[in-house]
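Quick notes on the structure that follows.
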Amino acid sequence: MSQRAQPSDLELAALISSKICHDIINPVGAIYNGLEILDEEDDEEAKNYALDVIRNVTEQASARLQFARFAFGAAGSAGSMIDLGTAEQISRGFLGQGKHKLVWHGAPGHMGKDKVKLLLNLVASAVSALPRGGEIEVVIRGSLDDPSFSVRCKGISARAPLHLQEFIDGSHAGPLDTMTVQAYYTCRLAQTSRMLLTVLKDGGDIVLSARP
Numbered sequence: 135m136s137q138r139a140q141p142s143d144l145e146l147a148a149l150i151s152s153k154i155c156h157d158i159i160n161p162v163g164a165i166y167n168g169l170e171i172l173d174e175e176d177d178e179e180a181k182n183y184a185l186d187v188i189r190n191v192t193e194q195a196s197a198r199l200q201f202a203r204f205a206f207g208a209a210g211s212a213g214s215m216i217d218l219g220t221a222e223q224i225s226r227g228f229l230g231q232g233k234h235k236l237v238w239h240g241a242p243g244h245m246g247k248d249k250v251k252l253l254l255n256l257v258a259s260a261v262s263a264l265p266r267g268g269e270i271e272v273v274i275r276g277s278l279d280d281p282s283f284s285v286r287c288k289g290i291s292a293r294a295p296l297h298l299q300e301f302i303d304g305s306h307a308g309p310l311d312t313m314t315v316q317a318y319y320t321c322r323l324a325q326t327s328r329m330l331l332t333v334l335k336d337g338g339d340i341v342l343s344a345r346p
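So for the sequence shown, the working numbering puts the first residue at 135; every next one is plus one.
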């Protein structure tokens, strides 16, 4: 990663907070619009439609917040380990029933918090690698104490995740903002976990990996 000036802890926290707000503002806005329809409409069909919208976007907002709590926050701060089953569950919730399908391979168990946060951020990076949707295959190898991660992105127009390679090789020259902070944070987590990040093209697939 680049030796550029690192943001302070307060600056990084502010950027991550802004990113989380950016990610949930659309579903929260849709909830508000649905409530307005319920207040103003007398038509039962319109009200039923509004209720369906509210249910769907509430589930979406909840899943995104749960994912952010583990990927960026201090979830499970009472201990230093996170259950990989929980990581898989919140990853599936994050992807939802949309255009991305998750395939997860790995033994159950508890793993160090920063390593799990790194894995979750690789899953989030895989979404940007598949703008038209596709399959995200997570493979966890090695021991729980010394794991390696492979996240294969399979789909039409698969590409390297936005900004991630630039932070890995130190070529990123733009500002650190809500659009780039997730890639930066992923690299910081890899450093903290003493793992090497790579982004490789394998045929039509993109493979994100982290290894000791």
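From the three backbone atoms N, C-alpha and C, an ideal C-beta is built for every residue, glycine too.
| request: Identify whether Leu323 lies in helix, strand or coil by the three-state DSSP scheme. | output: Along the sequence shown, one-based indexing puts residue 323 at 189. Three-state result, Leu323: helix.
| query | Between which two residues does the alpha helix (DSSP H) harbouring His156 extend? | reply | For the purposes of this step, residue 156 is taken as the residue at position 22 of the sequence shown. Residues 143-174.
| said: Which of the three DSSP states is assigned to Lys233 in this structure? | reply: Position 99 of the sequence shown, counted from the start, is the residue given in the question as residue 233. Coil, per DSSP.
| DSSP on Arg266, reduced to helix/strand/coil? | Sequence index remark: in the sequence shown, residue 266 carries index 132 (1-based). Residue state, collapsed to three classes: coil.
| request: Return helix, strand or coil for Ser343, following the three-state DSSP convention. | output: In the sequence shown, residue 343 corresponds to position 209, counting from 1. It is a strand residue.
| said: Runs of 3 residues minimum, wholly inside the region 241-326: which ones carry the beta strand (DSSP E) assignment? | reply: 244-246, 268-276, 281-288
| Which listed residue (Thr332, Asp280, Leu253, Thr314) has its alpha carbon closest to that of Asp303 | Translated into the one-based positions of the sequence shown, residue 303 becomes position 169. It is Thr332.
| Is Phe283 near Ser214, with beta carbons less than 8 Å apart? | The residue you call residue 283 lines up with position 149 of the sequence shown. The residue you call residue 214 lines up with position 80 of the sequence shown. The answer is no: Cβ separation not under 8 Å.
| field | Whole-angstrom distance between Asp173 and Tyr183, CA atom to CA atom | value | Within the sequence shown, numbered from 1, the residue matching residue 183 stands at position 49. Within the sequence shown, numbered from 1, the residue matching residue 173 stands at position 39. Near 13 Å, if we compare the C-alpha coordinates of Asp173 and Tyr183.
| task | Let me know if His306 comes out buried or exposed under the rule of 16 or more other beta-carbons within 10 Å of its beta-carbon. | result | As a first step, residue 306 is located in the sequence shown; it is residue number 172 there, counting from the start. Buried: at least 16 other Cβ atoms inside 10 Å.
| task | Name the residue from Phe206, Lys233, Trp238 whose alpha carbon lies nearest to the alpha carbon of Gly219. | result | The residue you call residue 219 lines up with position 85 of the sequence shown. Nearest option by C-alpha distance: Trp238.
| field | Minimum C-alpha distance to Asp339 - residue among Ile274, Ile290, Ala241, Glu178 | value | For this step, residue 339 is matched to residue 205 along the sequence shown. Of the listed residues, the one whose Cα sits closest to Asp339 is Ile290.
| said: Looking only at its chain, what residues have a beta carbon closer than 6 Å to the beta carbon of Asp280, apart from the 5 residues adjacent to it on each side? | reply: For the purposes of this step, residue 280 is identified with residue 146 of the sequence shown, where counting begins at 1. Around Asp280: Pro346.
| message | Once DSSP output is grouped into helix, strand and coil, what is the label at Leu186? | response | Taking the first residue of the sequence shown as 1, we reach residue 186 at position 52. Note that residue 186 is Asp in the sequence shown, not Leu. Asp186: helix per DSSP, three-state reduction.
| field | Glu175 burial status per 10 Å Cβ neighbour count (16 or more: buried) | value | One-based indexing of the sequence shown puts residue 175 at position 41. Looking at its Cβ environment, which holds fewer than 16 other Cβ atoms inside 10 Å, Glu175 is exposed.
| field | Reference Lys247; option with closest CA among Gly308, Ala208, Val187 | value | Numbered from its first residue, the sequence shown carries residue 247 at position 113. Cα-wise, what sits closest to Lys247 is Ala208.
| Sequence-distant residues of the same chain with beta carbon closer than 7 Å to Arg328, five excluded per side | Along the sequence shown, read from residue 1 onward, the residue named residue 328 stands at position 194. Here the set comprises Pro346.
| field | Counterpart residues of Leu334 in DSSP-defined beta bridges | value | Translated into positions along the sequence shown, residue 334 becomes position 200. Leu334 is bridged to Val341.
| What's the gap between the Cα of Leu236 and the Cα of Arg266? | Taking the sequence shown and counting its residues from 1, the one referred to as residue 236 is at position 102. Taking the sequence shown and counting its residues from 1, the one referred to as residue 266 is at position 132. For Leu236 and Arg266, the distance between alpha carbons rounds to 15 Å.
| Whole-Å CB distance - Ser262 paired with Pro295, under 8 Å assumed | For the purposes of this step, residue 262 is taken as residue 128 along the sequence shown, with counting starting at 1. For the purposes of this step, residue 295 is taken as residue 161 along the sequence shown, with counting starting at 1. 5 Å between Cβ atoms; contact.
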